[in-house]
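Novice: Position 236 of the sequence shown, counted from 1, bears residue number 302 in my numbering, the numbering being contiguous throughout.
Even for Gly, the Cβ is constructed at its ideal location relative to N, Cα and C.
None of the values given here were measured: they were computed from a predicted structure.
For reference, the structure I am asking about is given below.
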Amino acid sequence: MLHRERVFLAQLFLYPTFQKMLSWGYVQTNGAWIDSLQKNQYRTLSKEECAEKCDGETEFICRSFIFAVKVETCTTLPDNSKTAHLFRKADAILFEKRIFLLNCRRGNGYDYRGTISTTRRGVTCQRWASNSPHVPNYSPRTHPNASLEKNFCRNPDNDEEGPWCYTTDPETRFDYCNIPECEVQCMHCSGENYQGTISQTESGLQCQAWNSQEPHSHGYVPSNFPEKNLQSNYCRNPDGEPRPWCFTTSPTKRWEYCNIPRCTSPSPVPITGRQCLTGRGEDYRGNVDVTASGAKCQSWAAQTPHQHGRTPEAYPCKGLEENYCRNPDGETSPWCYTTDPNKRWEYCNIPSCGAVVTAATTAALLPVKPAQPTFVEDCYRGNGEDYRGTASLTVSGKKCQAWWSMKPHPHTKTPSAYPEADLRRNYCRNPDKDDNGPWCFTTDSSTRWEYCNLQKCTDQVQQEPTASENMQTDCRFGNGKDYRGKIAVTVSGKSCQEWRLQTPHKHDSFTPLTHPRSGLERNYCRNPDSDNNGPWCYTKDPRTAWEYCDIPQCPPPEYECGKAKYKPALCYGRIVGGCVSNPHSWPWQISLRLRYGMGHSMSIPSVLCACVHTSSRASTYKVAVGSHTERALEPSTQHRDIEKIFKEPNGADIALLKLSSPVLITNEVIPACLPSVNAVVPGGAECYVTGWGDTKGTGGEGLLKETGFPVIENKVCNRPDFLGGRVRTTELCAGNIDGGTDSCQGDSGGPLVCEEQGKYIVHGVTSWGLGCAEAMKPGVYVRVSRFIPWIERTMRENE
């Protein structure tokens, strides 16, 4: 190591650089607060004035500032999210100078302001303000504009070799630091952090803009991947591919890799790695080499018994040594290929960090059948720390971030840190007992957290009424066949005779025994024979056998498409595994039935179906709406004939059915919402499919079942390991890639609905699949958004 002195005039170089740094802007995060020991507070009216205070700060180098909107105060800070812990705080907006967040260098790193503080040989840096063990030529006093803070690596003299520091080794005065290049002109690892402007594929095709859906529709829109910087049409790697890629502007080539050169500087320091599981386990570097079922893992470098592309060469920074369980591509947890020729891959059981691993906890890690869901109030009591509902939207409509996830917001409110808080999935919770109620971190990178869109429970809040209770009103829908109110007098004022009695009028046709499902209790008006004129009864007047009752028509119930009156269970169970739905919680479900037998399930109002044969006639089918049971005999059920079938003219697996008469909107019959034209559901979005299909003997036969699983982007679904290019742009995939959850025979034509802003949108219609609930063989659904013009035109022309 050369023992040279550093005597260049850094101030000459750094002053204009510092000014340029201030113009690079800030990263904004709503709801975030830093509690720093050193800070200055100002009274100000705007965030722009607050930025000026930060830029002009003289007591310390201002890395960030907090603007409190309601009280109009500005707090300047020497810390940011890289150097201090973030807290939640309402009415606070954190602005961080972008340059201080980078832990990479541009060029020789003369403007590097990151927090790396060790040399390339791993020696800790000496503080710039210290005189021991080395008396520095560069210090905060002599070079105030060089950002010589703490012991962070810097380049105050514009050294061509990059950032350096004085060391804590008395024998080594200074050394260079291993600061990776910012991936602008080149890439490290698999290019996950590449931020450059190359926009052509390796074969020379122009890239399609990420915010465009033409010529290729996709789910990689910038708003769904806020941390991936999906700008313009630049090559990126948002999904764990071996290198950056893009969709192309060629209609015949959906996507292709880009030719990004590798950086000449050393790769970033490898992740030390955890020996336990946090989040998705992408940083797990332990030695577990067996799967959840006990299968031995195949070496990542081997191609037998399973050929694959997850090799150490293709994923150079993912720790793919030996045959240890890893997560190189953003799966839900570490996994491996197995040495069993009949089982290609499987997840591994990795103990959670902080957990005490015993035989009991190991057993608990194994998959278990979910418990039968129970109804929970969608409101909270007290401060909501006991809320266990499934709300996952904030007051401003933002989707909640999963509690185990660290993206886009790193945090400490994890399931392992708060085991009693029930931090499941992305449900609203209150782990820190906030006085204002349940909250969540958001999936919006600019908003760290928000309170949830939940109301406090009142003393009047009751369980949701059952379907039969809903009918017990003194008004009727349609002909009143389903009327279950308590009016017991006729239009002329005569009292009704009890249905079970045979005096004064003897009758055998309409009794509680002959019509057990018609509600013939006591002497209430009913319509057991579906008389078009409405409910009636036998009278107590010996001179008048029967009369109609004066039951007024009910006003149409208020409803919004996609909003059920009964809370759904929202179980990520399985149709094949028998997860029974809460009755009438999916009120757009329709049963398409053969006129003399059972049939398939589908959805309304469009009455979309993917289950009629080319030669099918309308008279072959009828439909039942408002039912929970497959037999469709409950009072809430409405039956309709089909007047006409409209098949999609280009042969897509979708049809529209025109009913013989409109169905009545009730609490048990509500339409789902249609998506906007060409709308794309992003990969990973949670969606649900419902049906009365085959459960493979797992129970729940005859009752409506549901399952939830994520959408899988077509780009992924068409990989050779999955469905091998079979999925068309007019279709979408959904399912768990490890299998176990799927729609099945008998579910064909049923709706795949996804929640957006509190409403369920019918994005898919069950079409086809390779088997039921098999690993890496997700279900395929007709992409409804591609057919909206045809749906609207057909309905308009056939009113």
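1. Could you give the C-beta distance for C219 and W230, rounded to a whole number, given that I count them as a contact under 8 Å?
2. Is it the case that the segment 849-859 contacts the segment 736-748, given that we only count it when at least three CB pairs across the two stretches are under 8 Å?
3. For T704, which residues in the same chain have their Cβ closer than 6 Å to its Cβ, ignoring the five residues on either side in sequence?
4. Three-state secondary structure (DSSP) at F131?
5. Shortest alpha-carbon distance to P417 belongs to which of N449, T460 and N353?
6. Taking T318 as the reference, which of E280, G285 and P618 has the closest Cα?
7. Given this structure, state the Cα-to-Cα distance separating C523 from Y453, to the nearest angstrom.
8. Using only CA atoms, which one of F153, R187 and P222 lies nearest to Y204?
9. Going by DSSP in three states, N106 sits in which element: helix, strand or coil?
10. According to DSSP, F153 sits in a beta bridge with which residue or residues?
11. Return the chain-ordered list of same chain residues with a C-beta closer than 7 Å to the C-beta of M67, the five sequence neighbours on each side being excluded.
12. Just list the residues that DSSP pairs W834 with in beta bridges.
13. Measuring alpha carbon to alpha carbon, tell me which of N197, S511 and G360 ends up nearest N96.
14. Nearest-angstrom Cα distance between T344 and Y413?
15. Look up E379 in the DSSP assignment and say whether it is helix, strand or coil.
16. Is Y614 closer than 8 Å to N598 when the C-beta atoms are compared?
17. In its own chain, which residues sit with a C-beta less than 7 Å from the C-beta of T456, not counting the 5 before and 5 after it?
18. Give the secondary structure of T314 by DSSP, where H, G and I count as helix, E and B as strand, and everything else as coil.
19. Does the segment 97-104 come close enough to the segment 476-486 to have 3 or more Cβ pairs within less than 8 Å?
20. Would you say L520 and C445 are within 8 Å of each other, going by their C-beta atoms?
21. Within 10 angstroms of its Cβ, does T124 collect 16 or more other Cβ (buried), or is it exposed?
22. Taking only the alpha-carbon atoms, compute the straight-line gap between H284 and N780 and give it to the nearest angstrom.
23. How would you write the range of the beta strand (DSSP E) that P817 sits in, first residue to last?
24. If you reduce the DSSP assignment to three classes, tell me which class F871 lands in.
25. Between the Cα of N415 and the Cα atoms of G791, C753, W505 and C363, which residue gives the shortest distance?
26. On the premise that S278 lies in contact with Q272, defined as a C-beta separation below 8 Å, what is that separation, rounded to the nearest angstrom?
27. Leaving out five residues before and five after S213 in sequence, what residues of the same chain have Cβ atoms less than 7 Å from its Cβ?
28. Mapping the DSSP letters down to three states, classify K495 as helix, strand or coil.
29. Does the segment 194-203 come close enough to the segment 152-161 that 3 or more CB-CB pairs lie under 8 Å?
30. Would you call G665 buried or exposed, if buried means 16 or more other Cβ atoms sit within 10 Å of its Cβ?
31. Using the rule of at least 16 other Cβ atoms within 10 Å of the residue's Cβ for burial, across every protein chain shown, is R109 buried or exposed?
32. If you reduce the DSSP assignment to three classes, tell me which class P776 lands in.
33. Less than 8 Å between the C-beta atoms of Y754 and V848, yes or no?
34. Assign G643 to one of three DSSP states: helix, strand, or coil.
35. Ordered along the chain, which non-local residues of its own chain (more than five positions away) have a Cβ less than 6 Å from that of K546?
36. With 16 as the cutoff for other CB atoms within 10 Å, does E348 come out buried or exposed?
Specialist: A quick look at the data gives this:
1. The distance from the Cβ of C219 to that of W230 is about 7 Å, consistent with a contact at the 8 Å cut-off.
2. Taking 8 Å as the limit for Cβ pairs, the verdict is that the segment 849-859 does touch the segment 736-748.
3. Residue 704 is actually Gln in this sequence, not Thr. V691, G692 and V729, listed in sequence order.
4. Reduced to three states, the DSSP call for F131 is strand.
5. Nearest neighbour of P417 by Cα position, chosen from N449, T460 and N353, turns out to be N353.
6. Per the Cα distances, E280.
7. Cα to Cα, the separation comes out at about 11 Å.
8. Of the candidates F153, R187 and P222, the one whose C-alpha sits nearest the C-alpha of Y204 is P222.
9. DSSP places N106 in strand when its eight states are reduced to three.
10. In the DSSP output, where bridge partners are listed per residue, F153 has W99.
11. Legend: pLDDT at M67 = 35, less than 50; position of this residue unreliable, value from coordinates given subsequently. Cβ-Cβ distances below 7 Å link M67 to T238 and D241 in the same chain, with the five nearest sequence neighbours on each side left out; the list follows chain order.
12. Here W834 is bridged, per DSSP, to V846.
13. Nearest option by C-alpha distance: S511.
14. Those two C-alpha atoms are separated by around 15 Å.
15. Three-state result, E379: coil.
16. Taking the C-beta atoms as reference points, Y614 is found no nearer than 8 Å to N598.
17. Correct list, in chain order: Y493 and L636.
18. Reduced to three states, the DSSP call for T314 is strand.
19. For the pair of segments examined, the segment 97-104 was found not to touch the segment 476-486: the number of CB pairs separated by less than 8 Å stays below three.
20. In contact: L520 and C445 (Cβ atoms closer than 8 Å).
21. Residue burial is scored here from C-beta neighbours: T124 has fewer than 16 other C-beta atoms within 10 angstroms and is therefore classed as exposed.
22. Take the alpha-carbon of H284 and the one of N780: they are about 7 Å apart.
23. For P817, the enclosing beta strand (DSSP E) begins and ends at P817 to E822.
24. Because the chain spans 67 through 865 in this model, residue 871 falls outside it and cannot be assessed.
25. Checked all of G791, C753, W505 and C363; the closest Cα to N415 is C363.
26. Cβ atoms of Q272 and S278 stay farther apart than 8 Å, at about 12 Å.
27. If we look at S213 and ignore the five residues flanking it on each side, its Cβ neighbours are I127, R179 and R220.
28. Residue 495 is actually Arg in this sequence, not Lys. Here R495 sits in strand by DSSP.
29. These segments do not touch.
30. In this prediction, G665 has a pLDDT of 46, which is less than 50 and means its spatial position is unreliable; nothing more can be read from the coordinates.
31. R109 should be labelled exposed.
32. DSSP places P776 in strand when its eight states are reduced to three.
33. No.
34. Any reading at G643 must be qualified, since the residue scores a pLDDT of 49, below 50, and its modelled position is unreliable; the value itself is stated next. Secondary structure of G643 (DSSP, three-state): coil.
35. As written in the sequence, residue 546 is Gly, which differs from the Lys given in the question. Excluding sequence neighbours, G546 sits near N593, G600, P601 and I617.
36. Buried, because 16 or more other Cβ atoms sit within 10 Å of the Cβ of E348.
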